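Here the sequence shown stands for residues 71 to 428, numbered as in my numbering. We put the beta carbon where it would ideally sit given N, CA and C, even for glycine. Predicted, not measured: the structure shown is a model, and the values here were computed from it. See structure below.
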Amino acid sequence: MINALKRPLLLLLAACLCSAAVAGRVDDLYKGREAVAEQSSATLRRGAASALEQVFVRVSGQGQLPQSSALSEALASPEPFLTRYSYRRENTDGEERLWLDMKFSPRQVNAVLQSAGLPVWSANRPTVLLWLVVDTPEGRSFLGSGSHPDLEKALQDAVARRGLALQLPLFDLIDAGNLSAQALWQMPEARVREASQRYAPPFILMGRASQLSTGQWLASWALLDEQSGERFDTQSQQDSGFLAAAVDRVADVQARRYAVNSVAGAGGRTLIHVSGLARFDDYAQMVSYLESLAVIEHANAAWAFGEELVLELVLKDDMDKVERYLQLDGRLRRAAEGAGRSRSPLATQGNYIWQGQP
71 MINALKRPLL
81 LLLAACLCSA
91 AVAGRVDDLY
101 KGREAVAEQS
111 SATLRRGAAS
121 ALEQVFVRVS
131 GQGQLPQSSA
141 LSEALASPEP
151 FLTRYSYRRE
161 NTDGEERLWL
171 DMKFSPRQVN
181 AVLQSAGLPV
191 WSANRPTVLL
201 WLVVDTPEGR
211 SFLGSGSHPD
221 LEKALQDAVA
231 RRGLALQLPL
241 FDLIDAGNLS
251 AQALWQMPEA
261 RVREASQRYA
271 PPFILMGRAS
281 QLSTGQWLAS
291 WALLDEQSGE
301 RFDTQSQQDS
311 GFLAAAVDRV
321 ADVQARRYAV
331 NSVAGAGGRT
341 LIHVSGLARF
351 DDYAQMVSYL
361 ESLAVIEHAN
371 AAWAFGEELV
381 LELVLKDDMD
391 KVERYLQLDG
401 RLRRAAEGAG
411 RSRSPLATQG
421 NYIWQGQP
């Protein structure tokens, strides 16, 4: 368990900047950790049930799981879902605790969600750039600058629970020149979008939070994507409440857009035309890339001529969701109107150009 929030979030930020991609990868979706009192079969069952429930939440994108016999049966007997587990003693804040670390089978988890009629949200998730200014008696400052460790830990817990790919600004001289804490307090959408351009995030979450003398927290937020934005408020008596509510709101929005039906062929089949394939390696990389997307089950060649190809896609959801996934990293881009015209005798739903590795 990483004790500080700042380091893991900055590491995630560095990874995003190095890859120049706007999609993050959440690698711990199927893992869980529980504090336990002892090592026993009863402890394992209780810990595994609690962790598996959180895995269902992260992978389905559902903040609240519905009543389902498939879910109930799995949680009543979670041990078969484990691929490995181990106990570990760690000293945390001067106190030694016993932890149960677990990893669950993605295939079995996804199958249960399918049986329960729930979607599956893959590890490839759009990053969310967070600008949050916190107002306290000591003044206004950005969350993530190290001034609010308790809030940062609460944010870490909320992000881990829902599996968001969260990104913080670098808070370097460039950011300081682009956006100050005082400026963010006014919630200026255009200015925040401009300050965020260097990170190229698909989502921006900006907010301001203040703590009343009673201890209550009040926060106002705006969630922005490329086309639009929505504003909302959260509040709580505890530090974690207003942050967790905001994280839930963002996760719910993203899950509706990116979580997909886990049944192969549920979205039907469609043909797309692709150009820019100069070598066989390009074809192999593109097919491998498409079949790695959660929304596509198979990608099969239906026609080829020179650098052109028509692919038949077997979908788990509709083509609109495919487009959202393609926009995350830009490796396969829709051709501009009038460009990438096909010589194929087959009718296709769209023309695309293969860009290769990001």
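* **Runs of alpha helix (DSSP H) wholly within the stretch 114 to 195 (minimum 4 residues, chain order)** => 139 to 146, 176 to 185
* Asked: Could you give the distance in angstroms between the alpha-carbon of H343 and the alpha-carbon of M389?
  -> So the alpha carbons of these two residues sit roughly 14 Å apart.
* Can you tell me which of S414, K391, Y395, A354 puts its alpha carbon nearest to the alpha carbon of E378? => For E378, the nearest C-alpha among the options comes from S414.
* Does the Cβ-Cβ distance between V365 and D387 come in under 8 Å? -> yes
* Within 10 angstroms of its Cβ, does E222 collect 16 or more other Cβ (buried), or is it exposed? -> buried
* Asked: DSSP three-state call for K101: helix, strand or coil?
  -> Three-state DSSP puts K101 in a strand.
* Asked: Which whole runs of the alpha helix (DSSP H) in the stretch 188 to 245 are 4 residues long or more, in chain order?
  -> 219 to 232
* **Option in L396, E165, P176 with minimal Cα separation from R37** => Given a span of 71 to 428 for the chain in the structure shown, any question on residue 37 remains unanswerable.
* Within its chain, find whatever has a CB closer than 6 Å to the CB of L363; leave out the 5 residues flanking it on each side and keep chain order. => Y395
* Of all the options S156, P239, G131, R263, which has the alpha carbon lying nearest to the alpha carbon of T113? -> S156
* **the stretch 112 to 126 contacting the stretch 164 to 179, beta-carbon criterion three pairs below 8 Å** => yes
* Contact between the stretch 219 to 239 and the stretch 196 to 203: three or more CB pairs below 8 Å? -> yes
* Since A253 contacts R261 with CB under 8 Å, what's their CB separation in whole angstroms? -> Cβ atoms of A253 and R261 come within 8 Å of each other, at about 6 Å.
* Option nearest D309 by Cα separation, candidates E361, E259, Y353, H218 -> Nearest to D309 by C-alpha distance, out of E361, E259, Y353, H218, is H218.
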